[in-house]
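Order-wise, the sequence lines are chains A and B.
In terms of the numbering used here, the first sequence has 936 at position 109, counting the first letter as 1, and numbering is strictly consecutive.
In terms of the numbering used here, the second sequence has 908 at position 81, counting the first letter as 1, and numbering is strictly consecutive.
Number of protein chains: 2
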Amino acid sequence: MPVSKKEISQCPIDAMLSVIDGRWKGTILWRLCDGPMRTSELRRSIPGITERMLIRHLQELVQDGILMRHEEKRVPPCVRYSITKYGMTLAPVLEEICVWGRKHIARVEKGLR
Amino acid sequence: MPVSKKEISQCPIDAMLSVIDGRWKGTILWRLCDGPMRTSELRRSIPGITERMLIRHLQELVQDGILMRHEEKRVPPCVRYSITKYGMTLAPVLEEICVWGRKHIARVEKGLR
DNA sequence: TGTTGTACTGACTAATTTGTCAGTATGTGG
DNA sequence: CCACATACTGACAAATTAGTCAGTACAACA
Chain A
828 MPVSKKEISQ
838 CPIDAMLSVI
848 DGRWKGTILW
858 RLCDGPMRTS
868 ELRRSIPGIT
878 ERMLIRHLQE
888 LVQDGILMRH
898 EEKRVPPCVR
908 YSITKYGMTL
918 APVLEEICVW
928 GRKHIARVEK
938 GLR
Chain B
828 MPVSKKEISQ
838 CPIDAMLSVI
848 DGRWKGTILW
858 RLCDGPMRTS
868 ELRRSIPGIT
878 ERMLIRHLQE
888 LVQDGILMRH
898 EEKRVPPCVR
908 YSITKYGMTL
918 APVLEEICVW
928 GRKHIARVEK
938 GLR
C-alpha cells in the first residue's frame, strides 16, 4: 500500500510535508523570499535544476496556494512567480525547520550519529 | 542527477526533512511520545504498517540519533524503542509543522486550493 | 510434538519521484 | 530566412522509496 505524500493526508504532519517535500521546493521558496522572479531567472539561480523539474514544482506550489503565477501576455512570454500571503505563513515553520537542520548538520559533522 | 534525501545535504531544510521524511516516521514518533514501546506494540498500534517498514524506519531513526534501541537478551526477544534526548529537540519543530498542517487541511477542505 | 510469538534479514516487486530529451509557438535581431 | 529566447508539454528512462513474501532462532505453551 504505497501511499504518495501528494494526496492530502489526514495527518497534519504529512499534510505539511506534502507541501514542502520535493527535491527543489525548499530552494525555490528560498529564492523567492527576495521577491518575485521569472521562470528563467529561477532556473539560472538554482544550479542543477532542470527546467522540467522547476516547472513541475512551481505548478505544485501554485496548486497548493503557496505561490502565485502572473503572466504578461507578450512574446516571448514573461511569467513571474511570487509567494502568496498564505505562502508567507509557511515562513516561521521553515525557519524552525532550518534552525534544527543546521544543528543536525553540525552534529553529524562532529561524527556523532 | 537524482539526489536522495537520505544523504545528508548542505541545505538545513533538506537535512531536517531527511530525518522525518519517510512514509511512517511521523506516526512512529507520535506513538513513542507516550513512552517506550516494543517493536510489536508499535506494529499493532499503527494500522497499515508492515513489520519490514516499521523496522527499516526504526533503524533509520536510531541511526539519526532520534531513537534509542534497548534489547533485553531473552527469548523470545524483547526490544524497546524510545525517543532520545536529542530526539526530544525535534518536538517543538514537529509541533509547528503540525499546527500549520492542520490549518492547511482545513483550508483544502473548504475547497480553496 | 507442533504451534505461536518475537525481532529481525534477504531478495524481490511495485509505486513514486526525478531527470532526460525532444518538441511547440512566436516576436525580435542578424 | 534562420537562430534565439521564453515558458511550457509529452513520452520516457532512471533512481529512490515502499511493500511483499519467505525464512531464522528458540523458549513457552497446549
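Using N, Cα and C, we set each Cβ at its ideal position, and we do this for glycine too.
None of these values were measured; they are calculated from a predicted model.
Asked                                                                                                             : Found
Chain-ordered chain A contacts of Ile840(B) [CB-CB under 7 Å]                                                     : Gly853, Leu921, Ile924, Cys925, Gly928
C-beta atoms of Ile847(A) and Leu844(B) nearer than 9 Å                                                           : yes
Whether Trp851(B) touches Ile876(B) by CB criterion (9 Å)                                                         : yes
From Cys860(A), Pro874(A), Ala842(A), Asp841(A), residue whose alpha carbon lies closest to that of Thr911(A)     : Cys860(A)
Neighbour flag for Gln886(B) against chain A, beta carbons, 9 Å                                                   : no
Met843(A) at chain B interface by Cβ criterion, 9 Å                                                               : yes
Range of the contiguous beta strand (DSSP E) that encloses Arg917(B)                                              : It should be pointed out that residue 917(B) corresponds to Leu in this sequence rather than to Arg. Neither: Leu917(B) is in no beta strand (DSSP E) and is coded neither H nor E.
Alpha-carbon spacing of Gly853(B) relative to Leu869(B), whole angstroms                                          : 13 Å
Contained alpha helix (DSSP H) runs [length at least 4] in the stretch 844-915 of chain B, N- to C-terminal order : 852-859, 866-872, 878-890, 912-915
Within-9 Å CB hit, Tyr913(B) to chain A                                                                           : yes
CB contact flag (Gln842(B), Ile855(A), <9 Å)                                                                      : It should be noted that the sequence gives Ala, not Gln, for residue 842(B). Contact flag unset, no.
Through-space distance from Ile840(A) to Cys905(B), alpha-carbon basis                                            : 30 Å
Nearest to Gly862(A) (by Cα), restricted to the options Gly938(A), Lys930(A), Gly914(A)                           : Gly914(A)
Min CB distance Leu917(A) to chain B below 9 Å                                                                    : yes
Within 9 Å, strictly: CB atoms of Pro919(B) and Glu923(A)                                                         : yes
CB contact below 9 Å: His931(B) versus chain A                                                                    : yes
Straight-line gap, Glu899(B) to Ile893(B) (C-alpha atoms, nearest Å)                                              : 20 Å
is_contact[Gly892(B), chain A] using C-beta, thresh 9 Å                                                           : yes
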